[in-house]
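Have a look at the structure below, then the notes.
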Amino acid sequence: MRVSLNYLLLVSPAALMIVVLFLYPLGFSLVAAFTSDAGALTLQHFAKVLALYSNDILFTVFIVLVSVALLAALSITISAVIALSSCRPVVRLLGMLYRLPLFIPFIVAAQMMRTFLAKNGLMNNLLVASDLVQPLDTISWLGWKGIIITFVWKQLAFATLLICGAMAALEPSQVLAARNLGASRVRILFDIILPQVLPAIGVALVLSTVTMMSVLSVPLMIGTGTPTMLTVDMAFRVNSYSDYAVANALGVISLLICGALSWFYLRHSLRQKGGEA
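As numbered in the numbering used here, residues 455 to 731 make up the sequence shown, in order.
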């Protein structure tokens, strides 16, 4: 009895912090999204969201899915090169480059990309100086393309770190045996390494999805108007109209989008573990 009481005393501060800082705000937002000013249950806030922001919902899903697909391709490629390449200078160079965005805040990344991708930004100035593009032919990469580029660049370090760590934790004897049998690096990657690191890939992509869905600075600073992402809509409803009910409804929709992607990953992961068992 004394041991359980001691454990309870040790766990209670952390549990209290979770309840106060996470569960209570989450529950309050969910209740506010489904209740009217009079306290009655209603779906009018969601009807208003669908009437005003249906295009933004589709735009958000499009941005996240494209960003996650590009992130998966790039992070797996970089991790495979680091894990399988025999050229140590290339591995060290990639290891240094992919870590650069890891500790850069999103608002700083957004400002950097805004300076880099604008019509008169660093990228177009470099192309003009190299005589690859004429000054009148330069285009702005701000908007949905810039948002995707920023998300992928910022999350690439995080995803690559998880996937590369999972690849490094595999038994080297498996790769050595495959090479002795004449398997190419591509076949080793797809037949031996990737099936074993799929859980790490899923975790990296799910966490990156949640991060992208929660960022305000990138779509606000790089977006060019409408459609825009749901985080901008939530900030607009609160700052312009003090309409917390519709903002909470937008938050519930964001939660459902993240939950659907997480459910898909968990379902696939559990099915894979069940097949292995």
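Just so you know, even glycine gets a beta-carbon here, dropped at the ideal spot from N, CA and C. Note that the structure is predicted; figures quoted are calculated from it, not measured.
- Exposed or buried, which one is residue 732 when buried takes at least 16 other CB atoms within 10 Å? Not covered by the structure: residue 732. The range shown for the chain is 455 to 731.
- Item | Bridge partner(s) assigned by DSSP for residue 569 | Residue 569 pairs with nothing; no bridge assigned.
- Item | Own chain residues within Cβ distance below 6 Å of residue 643, not counting five before or after | 534
- Message: Under 7 Å, Cβ to Cβ, is there at least one residue of chain C near residue 484?
- Response: Any reference to chain C falls outside this structure, which holds one protein chain only.
- Who does residue 489 pair with in a DSSP beta bridge? 495
- Message: Could you tell me the alpha carbon to alpha carbon distance between residue 602 and residue 463, rounded to whole angstroms?
- Response: 46 Å
- Under 7 Å between the Cβ atoms of residue 604 and residue 658? no
- Could you tell me whether the segment 582-595 touches the segment 551-561, using the rule of 3 or more Cβ pairs below 8 Å? no
- Item | Assigned secondary structure, residue 591 (DSSP; H/G/I helix, E/B strand, else coil) | helix
- Task: Could you please give the first and the last residue of the uninterrupted alpha helix (DSSP H) stretch that includes residue 555?
- Result: Careful: residue 555 lies outside any alpha helix (DSSP H) and carries neither H nor E.
- Task: With distances taken Cα to Cα, identify the nearest neighbour of residue 521 among 695, 664, 692.
- Result: 664
- Message: In whole angstroms, give me the CA-to-CA distance for residue 474 and residue 485.
- Response: 16 Å
- Query: Per DSSP, what kind of secondary structure is residue 666 in: helix, strand or coil?
  - Reply: helix
- Task: Under 8 Å by Cβ, that's how I've got residue 709 and residue 688 pegged, so tell me the actual separation to the nearest angstrom.
- Result: Going by Cβ atoms, the distance from residue 709 to residue 688 rounds to 12 Å, so no, they are not a contact pair.
- Query: Taking the alpha helix (DSSP H) that residue 682 falls in, what are its first and last residues?
  - Reply: Element bounds for residue 682: n/a, residue is neither H nor E.
- Message: At the level of alpha carbons, what is the spacing between residue 694 and residue 686?
- Response: 12 Å
- Task: Take residue 489 as the anchor and find which of 711, 699, 712 has the nearest alpha-carbon.
- Result: 699
- According to DSSP, is residue 635 helix, strand or coil? coil
- Reference residue 592; option with closest CA among 633, 571, 608: 571
- Message: In whole angstroms, give me the CA-to-CA distance for residue 613 and residue 655.
- Response: 8 Å
- Residue range of the alpha helix (DSSP H) that includes residue 606: 598-622
- Query: According to the neighbour-count rule (16 or more other Cβ atoms, all chains shown, within 10 Å of its Cβ), is residue 731 buried or exposed?
  - Reply: With a pLDDT of only 42 at residue 731, under 50, the local geometry of the prediction cannot be trusted, and the value read off the model is given with reservation. Classification of residue 731: exposed, given that the 10 Å Cβ count is below 16.
- Query: Near residue 573, which residues of its chain fall below 7 Å by C-beta distance, leaving aside the five closest residues on each side in sequence?
  - Reply: 592, 593, 594
- Message: Measuring CB atoms only, is the segment 614-622 touching the segment 533-551, in the sense that at least three cross pairs come out at less than 8 Å?
- Response: yes
- Which whole-angstrom value describes the C-beta separation of residue 528 and residue 606, a residue pair presumed to lie in contact below a C-beta threshold of 8 Å? 7 Å
- Item | Reduced DSSP secondary structure (H/G/I, E/B, other) of residue 585 | coil
- Task: Tell me whether the beta-carbon of residue 716 lies closer than 7 Å to the beta-carbon of residue 660.
- Result: yes
- Query: Contact check, residue 510 vs residue 682 under 8 Å by CB: the rounded distance?
  - Reply: 6 Å
- In or out: residue 662 buried (at least 16 other Cβ within 10 Å) or exposed? buried
- Item | Reduced DSSP category for residue 529 - H, G, I as helix; E, B as strand; rest coil | helix
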